[in-house]
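2 protein chains.
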Amino acid sequence: MSVVEGGGGPGVTTPRGFEAAGVAAGLKSTGRADIAVVVNRGPLKVGAAVFTGNRAKANPILWSQQAIEDGVVEAIVLNSGGANCFTGAFGFQTTHHTAEKAAELLGVSSGDVLVCSTGLIGTGDEVFRAKVLDGTERAIAQLSDQGGPAAAEAIMTTDSVAKTSACHRDGWQIGAMAKGAGMLAPGLATMLVVITTDAVLTAQQADAHLRAATRVSFDRLDSDGCMSTNDQVTLMVSGASGVAPDADAFRSALIDVCTDLAVKLQADAEGASHSIDVQVIRADTEDDAVEVGRAVARNNLFKAAIFGNDPNWGRVLAAIGTTSARFDPYAVDVEMNGVRVCSDGGPDRPREEVDLSPAQTHVLIDLKVGEASAIIYTNDLTHDYVHENSAYAS
Amino acid sequence: MSVVEGGGGPGVTTPRGFEAAGVAAGLKSTGRADIAVVVNRGPLKVGAAVFTGNRAKANPILWSQQAIEDGVVEAIVLNSGGANCFTGAFGFQTTHHTAEKAAELLGVSSGDVLVCSTGLIGTGDEVFRAKVLDGTERAIAQLSDQGGPAAAEAIMTTDSVAKTSACHRDGWQIGAMAKGAGMLAPGLATMLVVITTDAVLTAQQADAHLRAATRVSFDRLDSDGCMSTNDQVTLMVSGASGVAPDADAFRSALIDVCTDLAVKLQADAEGASHSIDVQVIRADTEDDAVEVGRAVARNNLFKAAIFGNDPNWGRVLAAIGTTSARFDPYAVDVEMNGVRVCSDGGPDRPREEVDLSPAQTHVLIDLKVGEASAIIYTNDLTHDYVHENSAYAS
Numbered sequence: 055m056s057v058v059e060g061g062g063g064p065g066v067t068t069p070r071g072f073e074a075a076g077v078a079a080g081l082k083s084t085g086r087a088d089i090a091v092v093v094n095r096g097p098l099k100v101g102a103a104v105f106t107g108n109r110a111k112a113n114p115i116l117w118s119q120q121a122i123e124d125g126v127v128e129a130i131v132l133n134s135g136g137a138n139c140f141t142g143a144f145g146f147q148t149t150h151h152t153a154e155k156a157a158e159l160l161g162v163s164s165g166d167v168l169v170c171s172t173g174l175i176g177t178g179d180e181v182f183r184a185k186v187l188d189g190t191e192r193a194i195a196q197l198s199d200q201g202g203p204a205a206a207e208a209i210m211t212t213d214s215v216a217k218t219s220a221c222h223r224d225g226w227q228i229g230a231m232a233k234g235a236g237m238l239a240p241g242l243a244t245m246l247v248v249i250t251t252d253a254v255l256t257a258q259q260a261d262a263h264l265r266a267a268t269r270v271s272f273d274r275l276d277s278d279g280c281m282s283t284n285d286q287v288t289l290m291v292s293g294a295s296g297v298a299p300d301a302d303a304f305r306s307a308l309i310d311v312c313t314d315l316a317v318k319l320q321a322d323a324e325g326a327s328h329s330i331d332v333q334v335i336r337a338d339t340e341d342d343a344v345e346v347g348r349a350v351a352r353n354n355l356f357k358a359a360i361f362g363n364d365p366n367w368g369r370v371l372a373a374i375g376t377t378s379a380r381f382d383p384y385a386v387d388v389e390m391n392g393v394r395v396c397s398d399g400g401p402d403r404p405r406e407e408v409d410l411s412p413a414q415t416h417v418l419i420d421l422k423v424g425e426a427s428a429i430i431y432t433n434d435l436t437h438d439y440v441h442e443n444s445a446y447a448s
Numbered sequence: 055m056s057v058v059e060g061g062g063g064p065g066v067t068t069p070r071g072f073e074a075a076g077v078a079a080g081l082k083s084t085g086r087a088d089i090a091v092v093v094n095r096g097p098l099k100v101g102a103a104v105f106t107g108n109r110a111k112a113n114p115i116l117w118s119q120q121a122i123e124d125g126v127v128e129a130i131v132l133n134s135g136g137a138n139c140f141t142g143a144f145g146f147q148t149t150h151h152t153a154e155k156a157a158e159l160l161g162v163s164s165g166d167v168l169v170c171s172t173g174l175i176g177t178g179d180e181v182f183r184a185k186v187l188d189g190t191e192r193a194i195a196q197l198s199d200q201g202g203p204a205a206a207e208a209i210m211t212t213d214s215v216a217k218t219s220a221c222h223r224d225g226w227q228i229g230a231m232a233k234g235a236g237m238l239a240p241g242l243a244t245m246l247v248v249i250t251t252d253a254v255l256t257a258q259q260a261d262a263h264l265r266a267a268t269r270v271s272f273d274r275l276d277s278d279g280c281m282s283t284n285d286q287v288t289l290m291v292s293g294a295s296g297v298a299p300d301a302d303a304f305r306s307a308l309i310d311v312c313t314d315l316a317v318k319l320q321a322d323a324e325g326a327s328h329s330i331d332v333q334v335i336r337a338d339t340e341d342d343a344v345e346v347g348r349a350v351a352r353n354n355l356f357k358a359a360i361f362g363n364d365p366n367w368g369r370v371l372a373a374i375g376t377t378s379a380r381f382d383p384y385a386v387d388v389e390m391n392g393v394r395v396c397s398d399g400g401p402d403r404p405r406e407e408v409d410l411s412p413a414q415t416h417v418l419i420d421l422k423v424g425e426a427s428a429i430i431y432t433n434d435l436t437h438d439y440v441h442e443n444s445a446y447a448s
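Protein sequence lines correspond, in order, to chains A and B.
Each residue of the first sequence is one higher than the one before, counting from 55 in the working numbering.
Each residue of the second sequence is one higher than the one before, counting from 55 in the working numbering.
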């Protein structure tokens with residue numbers, strides 16, 4: 055992997071052809087930046103996006119789903135500090151007005167402006183609208199090809215660090231920013247992600263690459279099993295490099311960037327004290343591997359045990375037993391941080407040999423029935439998770 | 055409902071024809087009672103049972119599933135202090151030996167003796183076996199028609215109170231005991247339940263009534279979304295009343311007793327500070343109502359919000375949106391403790407009007423598409439839940 059950039063890097067303004075900005079519009083009570091804009095200066099204006107699988111979709115999702123249909127994206131406006139979800143027709147109009155405001159200032163069609171929102175569900179009144187429109191105008195006035203870091207900061211909610219990533223290849227580049235700290239589950243998570251590239255791609259290629267990359271990265275991040283109403287991952291293509299990349303090379307680079315960001319989201323999940331990689335090997339199918347990994351990743355008893363540094367492999371097997379995957383409970387092996395605590399569905403090494411004190415935790419489940427595998431990225435269940443999420447609205 | 059008995063009542067020895075006992079065999083480090091036996095003195099020896107849906111089943115489940123096939127049950131032996139799950143062939147032999155020991159002492163066939171175990175997965179070594187066999191012998195020596203309370207105490211694990219229930223009808227009675235405090239989820243939960251009746255029923259009738267009753271009671275208890283490897287609900291029929299009850303009357307009474315116990319399990323769930331009844335009304339089908347209720351009941355963000363007395367209805371709608379139930383997100387109403395905080399998928403009454411300080415919490419979800427309904431019984435996600443389950447094995 056040639057991901058070269060951590061948090062605070064240029065992110066979306068890494069590739070040529072993009073400008074970005076982030077400003078404070080007063081949506082966050084802290085006064086921090088809360089409106090980001092990313093603009094594609096071309097020459098291509100290609101876009102692709104994937105959206106939350108939740109049937110209860112926020113207004114910006116409803117808007118962006120329509121706007122992306124033609125595969126053309128000129129700009130994207132993102133706000134933190136309010137989800138504009140379950141805010142009725144007024145909320146949808148706010149999203150529409152936001153796209154129109156940006157389009158007018160940029161001299162493009164409003165149908166080519168995507169909108170994303172994140173924050174508390176039910177927030178989206180007149181005050182919210184006025185602040186979003188004002189912030190959009192001010193952000194556009196500050197657009198710059200150095201604006202990536204400011205944009206990445208403006209989309210943060212409970213994130214403790216801004217998250218960016220970038221990848222440089224022969225003549226073309228990919229840049230990205232992400233936010234997401236709670237409600238991290240596939241399909242997608244409470245994540246907003248914007249990815250930019252100066253490679254030359256058609257809308258169809260962009261869409262196929264994006265779906266392939268999110269399927270094995272963001273869709274395998276399952277911090278707390280909760281699916282958001284507002285998630286959106288957008289790929290914007292400027293083509294400014296003039297280079298049409300090899301398809302495999304581009305897809306591989308995009309997967310690298312998406313995985314890098316998914317792991318950063320995992321590491322910064324609300325209240326978590328362990329990043330847990332649940333790796334399932336020798337499954338009959340990849341779907342089986344994902345189902346097993348996800349069942350373990352969503353098991354509160356397992357997650358609480360890891361928080362307590364308890365290598366409770368019985369809870370891993372109990373979770374696997376709830377799936378429809380092909381396996382024999384009395385053939386499964388389980389390793390925790392390299393120690394095989396369970397072999398053939400029975401006790402193996404003593405639990406005392408497992409050291410769960412490192413934040414990075416690896417659980418390996420060997421189903422012994424096939425050749426497919428998958429990793430699900432999750433977190434432990436902690437006092438801080440409960441605390442942060444019981445106090446979120448206050 | 056004519057349930058007349060709370061915790062500490064005679065429970066399984068309420069109906070005529072049953073004897074029970076509970077003794078301490080040293081399986082629990084506390085020295086408390088940990089082996090229970092319930093014996094059916096007839097004249098009928100009818101039995102029915104439902105088992106965990108987990109594909110990773112403990113040894114006593116594997117045994118009891120075979121033993122129940124002929125619909126004849128003479129006795130049941132239950133132990134706490136060790137799940138005898140993932141303990142290999144040795145563990146299965148322990149269960150087998152337990153049934154044989156009880157059968158020999160009672161002068162019945164070992165194939166008519168059921169066995170249940172509960173406690174830590176992976177526990178079931180030579181010491182465990184010796185204690186279980188010794189305890190079984192001593193419990194059988196102490197059998198009495200007053201032994202219900204002692205048996206109910208002996209099956210407790212992290213339960214804070216013994217749980218019994220009983221129901222008296224015209225000439226016949228139902229009695230029951232239950233344990234279960236963590237890993238409470240359907241299909242079933244970490245629950246062991248023994249129900250006795252002196253009504254006259256065939257094995258077929260007993261099975262049909264038991265399945266119908268558990269479907270709307272224990273199967274709708276979903277404290278933490280985690281499914282156990284050891285759950286078993288057993289109905290034993292002595293026929294000692296000589297009365298063949300009206301089928302509807304018996305089923306109704308059995309549902310009452312099962313619901314009473316399910317609510318007691320909910321109220322005593324590990325670490326919970328709120329018992330939350332998620333009631334879904336006007337669903338298209340009962341399956342839809344259950345799916346929606348369960349999705350909300352399993353949403354950690356919603357559960358943490360209730361712990362924080364936060365009527366965060368956005369999380370309710372976000373959870374509903376993950377289901378495949380028939381509904382329109384912009385038609386749904388949500389009430390919390392009688393206050394309609396959301397109507398037609400938008401904000402209604404101010405959240406400040408909702409008082410979530412009582413332990414008993416009612417969430418009403420009106421889908422407005424049909425006439426079906428269901429209640430899922432769940433709990434909040436608390437610091438104490440995380441604490442108890444991170445320290446369980448230590």
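Beta carbons: idealized from backbone N, C-alpha and C, even for Gly.
Please identify, using Cβ separations under 8 Å, the residues of the stretch 262 to 292 of chain A that lie next to chain B, in order along the chain.
278, 279, 280, 281, 282, 283
>> So the candidates are B:176, B:313, B:421, B:233; which of them puts its Cα closest to the Cα of residue 431 of chain B?
In response: B:313
*asked:* Looking at chain A, is there any beta carbon in it that lies within less than 9 Å of the beta carbon of residue 44 of chain B?
replied: A query on residue 44 of chain B cannot be resolved here, the shown segment of chain B reaching from 55 to 448 and no further.
Which residues does DSSP list as the beta-bridge partners of residue 270 of chain A? The partner list for residue 270 of chain A (beta bridge, DSSP) is empty, contrary to what the question assumes.
Requested in this report: Could you list which residues in chain B have their beta carbon closer than 7 Å to that of residue 374 of chain A, in chain order?
Outcome: 110
How should residue 370 of chain A be labelled, buried or exposed, when 16 other C-beta atoms within 10 angstroms of its C-beta is the threshold for buried?
buried
Review point. Quick one: does residue 398 of chain B have its CB under 9 Å from some CB of chain A?
Key: yes
Next on the checklist: Please list, in chain order, the chain A residues whose beta carbon lies closer than 7 Å to that of residue 444 of chain B.
Outcome noted: 358, 359, 361, 362, 364
ask   = Ordered along the chain, which non-local residues of its own chain (more than five positions away) have a Cβ less than 6 Å from that of residue 207 of chain A?
value = 76, 87, 216
Alpha-carbon spacing of residue 152 of chain B relative to residue 102 of chain B, whole angstroms | 20 Å
Give the single residue among B:273, B:175, B:319 whose Cα lies nearest to the Cα of residue 345 of chain B. B:273
Looking at the structure shown, is residue 389 of chain B part of a helix, part of a strand, or coil, going by DSSP? strand
Review point. Assuming residue 118 of chain A contacts residue 258 of chain A under a Cβ cut-off of 8 Å, what Cβ separation, rounded to an integer in Å, is found between them?
Key: With 8 Å as the limit, residue 118 of chain A and residue 258 of chain A do not qualify as a contact, their Cβ atoms being about 18 Å apart.
Start-end ranges of the alpha helix (DSSP H) lying completely within the stretch 104 to 189 of chain B, minimum 4 residues: 113 to 121, 142 to 160
- Message: On the criterion of 16 or more Cβ atoms from any shown chain inside 10 Å, does residue 380 of chain A qualify as buried, or is it exposed?
- Response: exposed
Notebook entry, point to check: Got a sec: which bits of the stretch 141 to 173 of chain A sit with their beta carbon under 7 Å from any beta carbon on chain B, in order along the chain?
Noted result: 141, 142
Where the alpha helix (DSSP H) through residue 312 of chain A begins and ends | 301 to 321
Top-ranked residue by Cα proximity to residue 120 of chain A, from A:133, A:135, A:104
A:104
Check: So what's residue 203 of chain A in DSSP terms, helix, strand or just coil?
Finding: helix
Roughly how many whole angstroms lie between the Cα atoms of residue 92 of chain B and residue 224 of chain B? 24 Å
| message | Let me confirm a value: residue 378 of chain B is counted as buried when at least 16 other C-beta atoms fall within 10 Å, else exposed. Which label applies? | response | exposed
- Along chain B, in chain order, which residues have C-beta atoms closer than 7 Å to that of residue 436 of chain A? 440
Residue 128 of chain A classed as buried or exposed, judged by whether at least 16 other C-beta atoms fall within 10 angstroms
buried
**Message:** With three or more C-beta pairs closer than 8 Å as the rule, is the stretch 412 to 420 of chain B touching the stretch 311 to 330 of chain B?
**Reply:** yes
Report task. For the stretch 353 to 360 of chain A and the stretch 135 to 145 of chain B, state whether three or more C-beta atom pairs, one from each stretch, are separated by less than 8 Å. Result -> no
For residue 228 of chain A versus residue 311 of chain A, is the C-beta spacing smaller than 9 Å? yes
Note to self: I'd like the list of long-range same chain contacts for residue 374 of chain A, defined as Cβ closer than 6 Å, with 5 residues on each side in sequence excluded.
What the structure shows: 346
| task | Output the boundary residues of the beta strand (DSSP E) element that contains residue 219 of chain A. | result | 217 to 222
Q: Pick helix, strand or coil for residue 72 of chain A, following the three-state DSSP scheme.
A: strand
Decide if residue 64 of chain B is buried, meaning its Cβ has at least 16 other Cβ atoms within 10 Å, or exposed. buried
Contacts of residue 221 of chain A in chain B (Cβ-Cβ under 9 Å):
Within chain B, no residue comes near residue 221 of chain A; the closest Cβ sits about 32 Å away, beyond 9 Å.
How about residue 449 of chain A and residue 428 of chain A: do their beta carbons lie closer than 9 Å? Outside the shown range of chain A, which is 55 to 448, sits residue 449 of chain A, and nothing can be said about it.
* Cβ-Cβ separation, residue 166 of chain B to residue 131 of chain B (assumed contact under 8 Å), whole Å -> Going by Cβ atoms, the distance from residue 131 of chain B to residue 166 of chain B rounds to 12 Å, so no, they are not a contact pair.
#### Entry: Residues that residue 114 of chain B contacts on chain A, provided the C-beta gap is smaller than 9 Å
Within chain A, no residue comes near residue 114 of chain B; the closest Cβ sits about 15 Å away, beyond 9 Å.
The beta strand (DSSP E) that contains residue 431 of chain B, what's its start and end? 426 to 433
Note to self: Quick check on residue 357 of chain B: does DSSP put it in helix, strand or coil?
What the structure shows: helix
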